[in-house]
Amino acid sequence: MAYCNPDHIPQLAIDKARLTLVNDRRLDSSLGLFTQSEECHEVSCEARNTYHFQEGGSYAVFVQVPNNEDMECNLVPLNNPTDSNIRVAICTNFSASGQQKVLCLFVFIMGTALILSFQSQLRFGAPKKTMLWKILRRSLILFALGLLINSHGCGDGVDMSQFRIPGVLQRFALTYLIVASIHLLFSSSLNNSQEYGRFAVVWDIVVFWPEGLTHVGFVMVHTCITFLLPVPNCPRGYIGPGGDDSHGLYANCTGGAAGYIDRKVFGDSHIYQSPTCKEIYRTTVPYDPEGLLGILTSCFLCFLGLQAGKILFVYKDWIQRCWRFFTWGLLLCLLGGILCKFSKDDGWIPINKNLWSLSFVLTLAGMGFILLLACYLLVDVYKVWSGAPFYYPGMNSIVLYVGHELLSGQFPVAFDVPQTHAAQLAMNIWGTFFWVIVAYYLDFKKIYISV
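Heads up: the sequence shown at position 135 corresponds to 166 in our numbering, and the numbers run straight through without jumps.
Following this line, the structure appears as structure tokens:
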């Protein structure tokens with residue numbers, strides 16, 4: 032096996048590269064590409080990079096090594112271009128590959144919507160027992176829909192011995208159940224911050240403070256488990272992809288503590304079998320990006336979205352709201368950057384979507400605050416944009432998500448097109464446009480389906 036790190040290769044900018052065999056090393060300084068492996072003579076040698084759980088920008092170089100002569104090799108994207116995602120609104124996306132991913136900012140905005148709904152119910156005197164029942168009902172429906180999606184494609188019936196239990200909607204269901212229940216426990220009707228005197232400046236932080244401490248506790252538990260839990264035959268605190276990473280020393284350590292917990296709780300057969308790292312690192316153990324440990328940080332992301340909602344209720348002046356959105360967004364992005372040392376792999380806690388790492392959640396929440404600020408200014412303050420067309424998918428988000436999952440790869444959403452970026456991009460754009468049309472039609476007919 033060969034390893035390389037083509038960090039300096041611009042994406043799709045080079046079609047061919049000339050490599051020179053120097054003993055058992057192949058080096059091309061102009062590309063910044065370095066490969067070290069056993070000698071390969073008259074055979075195909077596969078060069079793989081050493082990224083950690085990155086989902087895009089990864090390349091493989093397939094070469095023929097004819098003795099000690101120069102040779103040409105094609106530079107091809109490792110990730111199939113059908114893995115591209117074109118996302119609509121905050122809650123739905125289209126992917127032609129079947130590896131559907133939901134934009135994680137949905138978790139953030141779910142927290143914001145949560146406090147808007149709760150405050151409305153509390154002000155109308157809704158009993159907390161009734162609100163708790165609604166929380167349980169919605170969580171169960173989301174979880175059941177997630178299981179339904181996991182069973183999609185089993186034409187001969189579901190093999191329960193291989194049935195995947197975790198999933199995207201299952202993660203949303205558990206996150207909503209936890210965050211909403213905690214908020215219901217500590218919440219009451221919010222009033223204007225001016226009523227709280229010297230605490231008015233920080234009232235959005237102080238209000239319901241036990242709730243905030245609870246979620247900070249979740250983060251501490253997540254961090255301790257990630258870096259302190261002993262995982263058999265793996266270094267403590269390992270968060271890499273396993274497989275061929277580190278020359279195969281930690282082949283069965285995919286996902287570190289997060290992967291280990293899921294394999295122990297669910298079993299190897301009931302979690303995701305094809306993680307994104309499998310294609311790059313040829314991993315042999317399954318890993319589920321929607322596993323149990325990541326629920327703790329997804330709850331924290333949802334809480335930060337809820338924090339944005341508190342700002343809307345506590346502060347009535349638009350300038351105060353904007354400054355707080357901007358400050359929260361900037362500080363969270365900086366904190367996430369510090370944890371990852373503003374690098375791809377060398378930080379204390381790298382930004383990693385598959386692990387739902389703390390740096391990933393903080394950076395994503397920071398982006399959420401900034402995007403919310405932009406939308407607030409454009410839609411509510413200056414009124415230069417109505418929110419269309421993103422408004423329409425947001426009104427029936429669960430319908431569009433489930434629909435695109437069930438129709439992924441099916442007519443009229445997807446077609447068999449050439450494996451080129453242009454063709455795949457065109458099909459992805461069409462898939463997105465198709466679901467926007469569906470959303471617009473539902474809105475036109477005043478059909479709104481929620482859970």
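Using N, Cα and C, we set each Cβ at its ideal position, and we do this for glycine too.
The structure presented is a predicted model; accordingly, all values stated were derived computationally and were not measured.
{"Check": "Am I right that residue 202 and residue 329 are in contact with their C-beta atoms under 8 Å? What's the rounded C-beta distance?", "Outcome": "6 Å"}
{"Check": "Determine, using beta-carbon pairs with one atom in the segment 407-419 and one in the segment 375-382, whether at least three such pairs fall under 8 Å.", "Outcome": "no"}
{"Check": "Let's see if you can read the secondary structure: which residues bound the alpha helix (DSSP H) around residue 341?", "Outcome": "325-345"}
{"Check": "Quick check on residue 435: does DSSP put it in helix, strand or coil?", "Outcome": "helix"}
{"Check": "Would residue 205 and residue 337 be called neighbours here (beta carbons separated by less than 8 Å)?", "Outcome": "no"}
{"Check": "Taking the straight line between their C-alpha atoms, what separation do you get for residue 458 and residue 448?", "Outcome": "8 Å"}
{"Check": "Between residue 388 and the rest of its own chain, which residues show a CB-CB distance below 6 Å, the 5 nearest in sequence each way excluded?", "Outcome": "380"}
{"Check": "Could you check what DSSP says for residue 243 in three-state terms: helix, strand or coil?", "Outcome": "helix"}
{"Check": "How long is the line joining the alpha carbons of residue 262 and residue 255, rounded to whole angstroms?", "Outcome": "13 Å"}
{"Check": "Work out the CA separation of residue 433 and residue 385 for me, nearest whole Å.", "Outcome": "21 Å"}
{"Check": "Would you identify the three-state DSSP class for residue 260, choosing helix, strand or coil?", "Outcome": "coil"}
{"Check": "With 16 other CB atoms within 10 Å as the buried threshold, where does residue 266 fall?", "Outcome": "exposed"}
{"Check": "Ends of the alpha helix (DSSP H) at residue 210?", "Outcome": "199-217"}
{"Check": "Output needed for residue 332: all residues of its chain with C-beta closer than 6 Å, excluding positions within five of it in sequence on either side, in chain order.", "Outcome": "138, 139, 392 and 396"}
{"Check": "Which of the three DSSP states is assigned to residue 451 in this structure?", "Outcome": "coil"}
{"Check": "Taking its Cβ as the centre, do 16 or more other Cβ atoms sit within 10 Å of residue 164, making it buried, or is it exposed?", "Outcome": "exposed"}
{"Check": "So, at 7 Å on beta carbons, what are the nonlocal neighbours of residue 259 in its own chain, with the 5 sequence-adjacent residues on each side left out?", "Outcome": "267"}
{"Check": "Can you list, in chain order, the stretches of the beta strand (DSSP E) that have 3 or more residues and sit fully within the segment 134-162?", "Outcome": "none"}
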